[in-house]
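This note's numbering runs 84 ahead of the 1-based position in the sequence shown.
For each residue, glycine too, the CB sits at the ideal point set by N, CA and C.
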Amino acid sequence: MKTKTPTQPHYFIPQPLDNTRLAHLCGPLDENLRQISAALDVSIFRRGDKFIAAGGNAERAVEILDQFYAVANKVISVGEIQLALVEQRAKLGMGKKLKVAKSNGKAGAEPGDETGADPADAELTETDIESPVLKTRRSDLRGRTPHQSQYIHSILEHDVTLGIGPAGTGKTYLAVACAVDALERDAVKRIVLTRPAVEAGERLGFLPGDLAQKVDPYLRPLYDALYDLLGFDRTQKMFEKQAIEIAPLAYMRGRTLNHAFIILDEAQNTTPEQMKMFLTRIGFGSKAVVTGDVTQIDLQRGQKSGLIDAMNILKDVRGIAFTRFNSSDVVRHPLVARIVDAYETASQAAPVASTHGVIEGATPPAAKPAKPVQTGITKTARNRK
């Protein structure tokens, strides 16, 4: 924490490292860091588990971070942060009138963005800005690409978020991670997982087993993410307490889901009617995340995709966010990104999912030349004469 000049940054590295305490320190969408930045006129950036404070009062900011990390075994309210900041401002002769940061800032904004301090003082670049820390079993879980970071910010800031992109871009995993984070923070009371069972024609009654066993094969990616983020035993206990619920899309009609985090996976296989039905299930205090890949539609030929329909209809609706992923966001085997690019190149001559609806702005396919119409008597007919 020693510094040679006032313009050099001060560092805070939490010890011992604990992801839960780290999440409590930062607050939802880094709200606590924003309050510290605004009150002390400093910029605070985060590189993984390391915090960097830049500005004239950077050392005081680091002291505040250290002070609250020591008691971060519980949720830290903004009020507690502001009370400590009033005392610090008085010590610094800055007056007791607290400069309060605006809550729910723009997506992708970091604490230092709203203070007026110049981040260049700390010789930092935009690439140093990290996405919010999510409270899960995995330490320092965050977006690995700009689109993934934008996706997390959108989920935290909006009630409805649509994540659209190819396989392997983290759409489903990050949605589940945000759901677990919300449940751990008591922002919601339950997680609801759903997806269309288009392979069974949405008719699940003939399948063997109870409801969970019927839909288990279709929701396996969501189960895998939950086991990774919560652990197998804890996930099973939450299922038993109904804190996590499986709700087949075909069975959701007529329900209102309050204080829930709802994830609709494989949404490209919904019909427009199903998509509208799902989006209108959202109740008070709920969030919904819709994920899908418009290049992998399993609907019958000619059936319009509900995801494509929603992309066109809801693009200008306030409170709904869209994140579009591409091959640069693929976090699987490097070959997957090249496969995605190859298929994308091959399909450039036609609009995305052309038999299931057209995304507005997509380039329509070139019209095929019409076959020449024969007129008059054919050569065969003349020979017969």
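- Contact between Leu348 and Arg279 holds: their C-beta atoms lie close to 7 Å from each other, under 8 Å.
- Check the Cα spacing between Ile148 and each of Gly390, Asn157, Gly132 and Ser121: the tightest is with Ser121.
- Gly315 sits close to Arg221, with the two beta carbons spaced by under 8 Å.
- DSSP places Ser127 within a strand segment (E or B) once states are collapsed to three.
- Taking each of Asp270, Ile381 and Leu313 in turn and checking the Cα distance to Phe345, the smallest one comes out for Asp270.
- According to the DSSP assignment, Tyr95 belongs to the beta strand (DSSP E) that extends over His94 to Phe96.
- As the crow flies, the alpha-carbon of Asp133 is around 29 Å from that of Ile328.
- The beta carbon of Leu303 sits closer than 7 Å to those of Leu277, Arg279 and Ile330, all from its chain and outside the five residues before and after it, given in chain order.
- A direct Cα-Cα distance of roughly 20 Å separates Ile165 from Lys219.
- With contacts defined by Cβ atoms closer than 8 Å, Gly247 and Thr375 form a contacting pair.
- Our two residues, Ala426 and Glu268, have alpha carbons roughly 40 Å apart in a direct line.
- Annotation: the continuous alpha helix (DSSP H) that includes Ile239 extends over Pro230 to Glu241.
- Counting along the chain, Leu277 sits inside the beta strand (DSSP E) bounded by residues Arg274 to Thr278.
- It is roughly 28 Å from the alpha-carbon of Ala259 to the alpha-carbon of Thr429.
- Under the Cβ criterion (8 Å, minimum of three pairs), the region 347 to 367 counts as touching the region 393 to 405.
- Taken in chain order, the complete beta strand (DSSP E) segments of 3 or more residues contained in the region 129 to 176 are 134 to 138.
- Pairing Val170 with His94, the inter-Cα distance amounts to about 21 Å.
- In the DSSP assignment, Glu324 falls within the alpha helix (DSSP H) that extends over Phe316 to Glu324.
- Here Gly139 is not near Val155, since their CB atoms are 8 Å or more apart.
- The beta carbon of Leu398 lies closer than 6 Å to those of Ile404 in the same chain, with the five residues before and after it left out.
- By the neighbour-count criterion, in which 16 or more other beta carbons inside 10 Å mark a residue as buried, His417 falls on the exposed side.
- Here Pro98 is near Leu106, since their CB atoms are less than 8 Å apart.
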